[in-house]
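Before any comments, here is the structure.
Number of protein chains: 2
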Amino acid sequence: MGAVKGSERGPRLSVVVAGQLEAWISEQGLKAGAQLPTEKVLCERFGVSRAVIREAISRLKADGCVMTRQGSGAYVAARPGQVTFRLVRGAANGEGTEDSAISDREISDIFELRYLVEAGAAELAALRRSPQELERMRAALERMAVALQTGTDAHTDDDAFHVAVAAATHNPQIERFQAFMGQQFSDSRAPTWNEAGHRSGHARDSQAEHVRIFEAIAAGDAAAARAAATAHLAGAVRRLGLDERRWGALDAMKREHAPDARNEVLHGVEEGR
Amino acid sequence: MGAVKGSERGPRLSVVVAGQLEAWISEQGLKAGAQLPTEKVLCERFGVSRAVIREAISRLKADGCVMTRQGSGAYVAARPGQVTFRLVRGAANGEGTEDSAISDREISDIFELRYLVEAGAAELAALRRSPQELERMRAALERMAVALQTGTDAHTDDDAFHVAVAAATHNPQIERFQAFMGQQFSDSRAPTWNEAGHRSGHARDSQAEHVRIFEAIAAGDAAAARAAATAHLAGAVRRLGLDERRWGALDAMKREHAPDARNEVLHGVEEGR
DNA sequence: CACCCCTAAGTTGTCTGACAACATTCGAAT
DNA sequence: ATTCGAATGTTGTCAGACAACTTAGGGGTG
Chain R
3 MGAVKGSERG PRLSVVVAGQ LEAWISEQGL KAGAQLPTEK VLCERFGVSR
53 AVIREAISRL KADGCVMTRQ GSGAYVAARP GQVTFRLVRG AANGEGTEDS
103 AISDREISDI FELRYLVEAG AAELAALRRS PQELERMRAA LERMAVALQT
153 GTDAHTDDDA FHVAVAAATH NPQIERFQAF MGQQFSDSRA PTWNEAGHRS
203 GHARDSQAEH VRIFEAIAAG DAAAARAAAT AHLAGAVRRL GLDERRWGAL
253 DAMKREHAPD ARNEVLHGVE EGR
Chain B
3 MGAVKGSERG PRLSVVVAGQ LEAWISEQGL KAGAQLPTEK VLCERFGVSR
53 AVIREAISRL KADGCVMTRQ GSGAYVAARP GQVTFRLVRG AANGEGTEDS
103 AISDREISDI FELRYLVEAG AAELAALRRS PQELERMRAA LERMAVALQT
153 GTDAHTDDDA FHVAVAAATH NPQIERFQAF MGQQFSDSRA PTWNEAGHRS
203 GHARDSQAEH VRIFEAIAAG DAAAARAAAT AHLAGAVRRL GLDERRWGAL
253 DAMKREHAPD ARNEVLHGVE EGR
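And the structure:
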């Protein structure tokens, strides 16, 4: 492993060194707790200054695979693997890769992961929801209903509804994951709630699906809740014009459980307050 | 906002500054794309050197809420929220918090999240698996079968099997999430594959559940695959002695689909090569 | 007046050197 | 043999400087 220069033309010397250092660690087969070379040694080995080495190590620390103790040294963290999960591997790698357009395929993949979690979350929510949590969902639904009539944006309330469903599972991990997913691409909810979305009826359709999810959860019908959540995700994919082919099979699955268990727990939500 | 000294006696000045800076950003209500003060200004404001400021900003960059452009400045990232998802909020916060024992409740919660993803992944895998991916699962199964006879550890192959299932969804996001979850707590698989696990039959039971998952996926029976995956997770919870109460309802659900669609695609896996 | 190039100032990225805080080690005194 | 302490090495922090880059503004040209 010689100098870095030349091989990588990329900017941000520190991230290059961080990558090479991480590769070197796994390549050397260093186990948890193993001590890394000192900063001075690394400086010589990579041919960069200590500032760069420190910044690279700082990156690895933030990534969780390295830990440092002042006066002692740097060590491989106990959990050497990835401690964090990020969507869309392509982006968020270097620095500000805002312009890296996410492909439709990637969005479709993420929606599918959403499907897995949200369908299951709706299922569990139907089994465990408390009155307070139902009220929280209803409040979000109501805000969306108002926005539907006034033609305003309500993607925040959309997100809040889904988080409320996840919260009703009484599982903080699921709730946090849902919040994470929602925050990640609130952009994908924009086409539903902007002017075009209101005009084309996307907002109305989405809201109807939300109501169906809520009703199933309120009724305690886990299968119907799963089906309604699946239908909602499939509808979102359709509205975004993504690849529908992959979702055909899931549509078929959800149709096993007809959503006839709808009851009248909530009234006045559809027409907004 | 005055100097930092005194208020926080804690070590790692940079992480303190990082926290204060992050708090300052949200407190100022800076929106995505807003420019942060220059490093020189921040040095004066926090009363620290530029190295500390740079390390603090580096942390925020790694966290994803800040982005820098050389020659221009530092900006609030487009997605101000969390870009990464980490399990177990308590740990992995500061440095080496190895000793923070994870509660049974947290493990149970994480298993439930695993259930959501793995059950859905098995479902999708049954619909999309290719011969190559089936072979990959079979190879992992075979390695586990060998380990079952020799009484050796195979938790790595256990993980590999589940990742292979996730890979069969043809969805890299799901695969990466499964790999993430598996890596996170490979510890939880140890009680299945250590000596005690072999003696108590836990390894055998787990392997039988794996085979059932594989057979359902090989047969292309999505419902059976979901049921088998659910049964596997429920079995794992039982073996770990976690709270079984929460899993009763899920067990009931899986029983809707009797796993009678088992066929004989694979032979010789149960008895190990 | 509109447009383009080019200079200048400002900002982040990197380098260098030094000192402080802390950990480890090894020798000396008890 | 045990304990204490100094020496040494490592990371954390500080200070100053230059390089690479971006941006804004001025001057020239059409």
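The listed protein sequences derive, respectively, from chains R and B.
Per our numbering, numbering of the first sequence is gapless, rising by one per residue and ending at 275.
Per our numbering, numbering of the second sequence is gapless, rising by one per residue and ending at 275.
Backbone N, C-alpha and C fix where the C-beta goes; we use that ideal spot for every residue, glycine too.
Our two residues, alanine 238(R) and phenylalanine 187(B), have alpha carbons roughly 33 Å apart in a direct line. Partner residues in the beta bridge of tyrosine 77(B), as assigned by DSSP, are Gln37(B) and Met69(B). For phenylalanine 163(B), no Cβ of chain R is located within less than 8 Å of the residue's own Cβ.
Annotation: the continuous alpha helix (DSSP H) that includes serine 202(R) extends over 197-202.
Below 8 Å, too few C-beta pairs join the stretch 118-132 of chain R and the stretch 128-136 of chain B to call them touching: fewer than three. Contact annotation: the stretch 13-29 of chain B touches the stretch 51-65 of chain B, with at least three C-beta pairs closer than 8 Å.
Contact check between the stretch 221-239 of chain B and the stretch 118-127 of chain B: three or more CB pairs, one atom from each, fall below 8 Å, which counts as touching. Between threonine 86(R) and phenylalanine 113(B) the beta-carbon gap is near 20 Å, outside 8 Å, which marks them as no contact. Contact with chain B is found for valine 119(R), since one of that chain's Cβ atoms lies less than 8 Å from the residue's Cβ. Taking glycine 184(B) as the centre and dropping the five residues before and after it, the same chain places the C-beta of Asp161, His164 and Val165 closer than 7 Å to its C-beta, in chain order.
In this structure glutamate 120(B) does not touch alanine 205(B) by the C-beta definition: roughly 19 Å separates them, more than the 8 Å allowed. Boundaries of the alpha helix (DSSP H) harbouring valine 167(B): 157-169, taken from the DSSP string. When the Cα atoms are used, aspartate 207(B) and threonine 158(B) turn out to be separated by approximately 17 Å. The distance from the Cβ of glycine 35(B) to that of valine 78(B) is about 6 Å, consistent with a contact at the 8 Å cut-off. In this structure, DSSP gives phenylalanine 187(R) a state outside helix and strand, which the three-state scheme calls coil. The continuous stretches of alpha helix (DSSP H) do not include valine 50(R), and DSSP gives it neither H nor E. Residue pairing by DSSP places phenylalanine 87(R) opposite Phe87(B) in a beta bridge.
Going by DSSP, threonine 232(B) is part of the alpha helix (DSSP H) stretching over 224-242. Here serine 51(B) has Cys45 as same chain residues with Cβ atoms under 8 Å from its own Cβ, once five neighbours each way along the sequence are excluded. Within the stretch 42-65 of chain B, the residues whose Cβ lies closer than 8 Å to some Cβ of chain R are Ala53, Arg56, Glu57, Ser60, Arg61, Lys63, Ala64 and Asp65, listed in chain order.
In the structure shown, the three-state DSSP call for arginine 131(R) is coil. For leucine 32(R), there is no enclosing alpha helix (DSSP H), since its DSSP letter is neither H nor E.
Counting only residues of its own chain and dropping the five nearest sequence neighbours on each side, threonine 40(B) has a CB closer than 7 Å to the CB of Gly75.
Alanine 218(R) counts as buried, since at least 16 other C-beta atoms from the protein chains shown sit within 10 angstroms of its C-beta. About 36 Å separates the beta carbon of asparagine 196(R) from that of aspartate 111(B), a gap too long to meet the 8 Å contact definition. Residue contact check for leucine 89(B) against chain R: a CB pair falls below 8 Å. Between glycine 122(B) and chain R, the shortest Cβ-Cβ separation is below 8 Å.
Assigned with DSSP and collapsed to three states, glycine 153(B) falls in coil, not helix or strand.
Assigned with DSSP and collapsed to three states, serine 105(B) falls in coil, not helix or strand. Taking 8 Å as the cut-off, the Cβ atoms of leucine 118(R) and isoleucine 176(B) count as close. Taking 8 Å as the CB threshold, isoleucine 112(B) lines the interface with chain R. Assignment of histidine 212(R) by DSSP, reduced to helix, strand and coil, places it in the helix class. Judged by DSSP in its simplified three-state form, arginine 14(R) adopts coil rather than helix or strand. Close to glutamine 180(B), with beta-carbon spacing below 8 Å, lies no residue of chain R; the smallest spacing is near 10 Å. Contacts with chain R (Cβ-Cβ distance below 8 Å) from the stretch 145-175 of chain B involve Thr171, Asn173, Pro174 and Gln175, listed in chain order. For isoleucine 109(R) against serine 190(R), the beta-carbon gap comes to about 7 Å, under 8 Å, which counts as contact.
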